[in-house]
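2 protein chains.
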Amino acid sequence: MKHKGQTNPPGRIKIMKSFSLLMAQKDFHSITTAEIAGNAGVTEGLIYKYFKDKKELLYQVLNDHFCKFQTKIENRIAKEKNSIKQLEIIIFSSLESYAANRTFSKILLLEVRNSLDFFDSFAYERIRKYSRTILAIIKKGIEKKELKSDIDPYILRKVILGAIEHACLGEIIFSKRLDINKISTGISNIVFNGAKA
Amino acid sequence: MKHKGQTNPPGRIKIMKSFSLLMAQKDFHSITTAEIAGNAGVTEGLIYKYFKDKKELLYQVLNDHFCKFQTKIENRIAKEKNSIKQLEIIIFSSLESYAANRTFSKILLLEVRNSLDFFDSFAYERIRKYSRTILAIIKKGIEKKELKSDIDPYILRKVILGAIEHACLGEIIFSKRLDINKISTGISNIVFNGAKA
DNA sequence: TTATGTGAGTAAGTATTACTTACTAATTTA
DNA sequence: TAAATTAGTAAGTAATACTTACTCACATAA
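Chains as they are written, first to last, in my numbering: chain A, 507 to 703; chain B, 507 to 703.
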């Protein structure tokens with residue numbers, strides 16, 4: 507019997523909670539279905555009633571977290587008109603979100619990417635949408651002459667996203683503190699003003 | 507009986523070649539030890555004579571590729587004195603290396619990071635060394651006033667490495683072509699001159 | 001009231017897979 | 001030439017992701 511995904515029964519919630527908790531402690535592959543079910547207080551079989559496989563459970567957890575982040579950031583951006591300010595909000599908010607939610611960060615930066623399945627998932631579609639938003643801001647910024655006309659919008663997006671992700675990576679892996687203010691102003695300074703003397 | 511790692515017997519070479527070939531086709535976790543051994547024309551047991559486990563095989567392959575890359579880039583950098591030029595060489599050479607060797611790129615950008623074991627590996631030590639080289643160039647650049655004195659060397663390194671990695675990511679995942687020249691000059695332009703009009 | 005369909009959950013598998021053990025055969029070294 | 005080391009094999013085993021076939025509770029309609 508297949509689950510239609512309309513309701514959210516207690517078993518399903520318990521499985522996701524149990525999995526999130528375990529993800530905070532160890533990496534995806536070393537978490538077993540027996541563990542997930544055991545900590546959730548359900549049987550292993552139930553996992554497969556609600557999720558196609560272990561990976562889909564991972565993608566669902568990621569999607570849930572990303573959803574909350576996305577609405578928050580969109581509200582913040584809407585309050586600003588200047589494109590550079592908007593991009594600064596994106597840099598700051600992304601760092602803030604990574605710092606505040608380590609499990610989410612670990613999944614997004616380290617775990618989901620190694621399987622091509624992810625790029626067909628609903629969670630990835632959400633990320634693409636976010637990425638398109640950034641591109642739109644950059645293009646608008648060039649149009650309004652707030653950004654240089656000779657820069658490639660796609661490459662600027664890559665630089666910004668890459669810088670954000672790389673800035674968090676070490677800190678996430680080794681569970682270090684993230685000085686959000688310092689890093690976000692540092693990135694903005696380099697990306698917008700340049701490093702050349 | 508344990509292998510001491512002094513020699514490089516045919517079986518070991520065949521296993522690494524077989525594994526590299528499979529990595530070009532699918533992701534790490536969906537490659538089985540039976541497949542590796544089968545394609546190499548050896549038995550499964552032999553894998554565990556030369557490698558502690560499947561992960562160590564992955565790290566070894568990465569290490570081999572990285573080794574070649576590192577000597578090449580160090581020669582190129584040595585020929586340059588200006589720190590900005592040196593960093594431009596790093597950006598270009600990294601992109602070139604990622605583009606030329608997809609298997610290596612996939613392993614480095616997508617596969618090794620999800621296990622903490624990697625960060626204890628010999629391969630990671632090599633990456634740290636490379637990373638220290640970049641930092642040294644940046645610090646020297648600030649000293650020589652080729653780079654602005656108000657930028658944080660650690661953050662500039664993060665921006666550069668993040669931009670490089672992110673620039674390749676999509677192209678690696680979806681097997682697209684990489685326009686190295688365009689992307690490397692694009693990144694350099696933004697990082698050194700800034701995006702603000 | 002009773003029949004029926006459905007969603008939530010369980011119990012007991014199975015096939016696959018990473019890894020182990022205990023063994024040859026060949027080659028090097030003393 | 002004897003001993004020790006290295007290269008390699010064959011046949012396991014324990015664990016794990018996933019499957020199958022079932023029960024129970026409950027809503028709704030005849």
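For each residue, glycine too, the CB sits at the ideal point set by N, CA and C.
How close, in whole Å, do the beta carbons of residue 554(A) and residue 627(A) come, if the pair is a contact with beta carbons under 8 Å? Rounded, the Cβ-Cβ distance is 17 Å, inconsistent with contact.
Buried or exposed for residue 655(A), going by 16 or more other Cβ atoms inside 10 Å? exposed
Among the residues of its own chain, which have a CB less than 7 Å from the CB of residue 549(A), if the five just before and after it don't count? 543
CB contact check: residue 695(A) to chain B, cutoff 9 Å: yes
Leaving out five residues on either side along the sequence, give the residues of the same chain with a beta carbon under 8 Å from the beta carbon of residue 545(A). 524, 527, 528
What does residue 699(B) reach in chain A if we use C-beta pairs closer than 7 Å? 700, 702
Hey, residue 661(A) and residue 692(B) are a contact pair by Cβ (cut 8 Å); roughly how many whole angstroms apart? 4 Å
Taking residue 647(B) as the reference, give the member of 616(B), 587(B), 522(B) with the closest Cα. 587(B)
Endpoints, alpha helix (DSSP H) assigned at residue 489(B): The first residue shown for chain B is 507 and the last is 703, placing residue 489(B) beyond what the model contains.
Alpha-carbon spacing of residue 535(B) relative to residue 561(A), whole angstroms: 12 Å
Kindly list the residues whose CB is nearer than 7 Å to the CB of residue 609(A), restricted to its own chain and excluding five residues on each side of it in sequence; keep chain order. 526, 529, 530
Between the C-alpha atoms of residue 690(B) and residue 619(B), what's the straight-line distance to the nearest angstrom? 24 Å
Within this structure, are the beta carbons of residue 669(B) and residue 669(A) separated by less than 9 Å? yes
Please report the Cβ distance between residue 605(A) and residue 667(A), rounded to the nearest whole angstrom; I am assuming they are in contact, meaning their Cβ atoms lie under 8 Å. At roughly 17 Å, the Cβ-Cβ gap does not stay under 8 Å, so residue 605(A) and residue 667(A) are not in contact.
Under a Cβ-count criterion, where at least 16 other Cβ atoms within 10 Å of its own Cβ denotes burial, should residue 581(B) be classed as buried or exposed? exposed
DSSP has residue 684(A) in a bridge; who is on the other side? For residue 684(A), which the question treats as bridged, DSSP gives no partner whatsoever.
Should residue 572(A) be labelled buried (16 or more other beta-carbon atoms within 10 Å of its own) or exposed? buried
Local conformation of residue 587(A) per DSSP, three classes: coil
Looking at the C-beta of residue 653(A), does it have a partner C-beta in chain B at a distance below 9 Å? yes
Give me the Cβ distance between residue 640(A) and residue 596(A), rounded to the nearest whole Å; I'm assuming they're in contact under 8 Å. 6 Å
Using a Cβ-Cβ cut-off of 6 Å (strictly less than) and excluding sequence neighbours within five positions of residue 516(B), which residues of its own chain qualify? none
In or out: residue 652(A) buried (at least 16 other Cβ within 10 Å) or exposed? buried
In chain B, what lies closer than 7 Å to residue 664(A) by C-beta? 669, 672, 673
Through-space distance from residue 658(B) to residue 682(A), alpha-carbon basis: 18 Å
Within the same chain, show all residues whose beta-carbon is closer than 8 Å to that of residue 583(A), passing over the 5 residues directly before and after it, in chain order. 592, 595, 596, 639, 643
So, for residue 635(B): in the same chain, excluding its five sequence neighbours on each side, which residues have a beta-carbon less than 6 Å away from its beta-carbon? none
Got a sec: is the Cβ-Cβ distance from residue 510(A) to anything in chain B below 9 Å? Confidence is the limiting factor: at residue 510(A) the pLDDT is only 40, short of 50, which leaves the residue's position unreliable, though a coordinate-based value still follows. With 9 Å as the cut-off, residue 510(A) does not count as an interface residue toward chain B.
Which of the three DSSP states is assigned to residue 555(B) in this structure? helix
Residue 698(B) and residue 701(A) look like a contact to me (Cβ under 8 Å); what is the Cβ gap, rounded to whole Å? 5 Å
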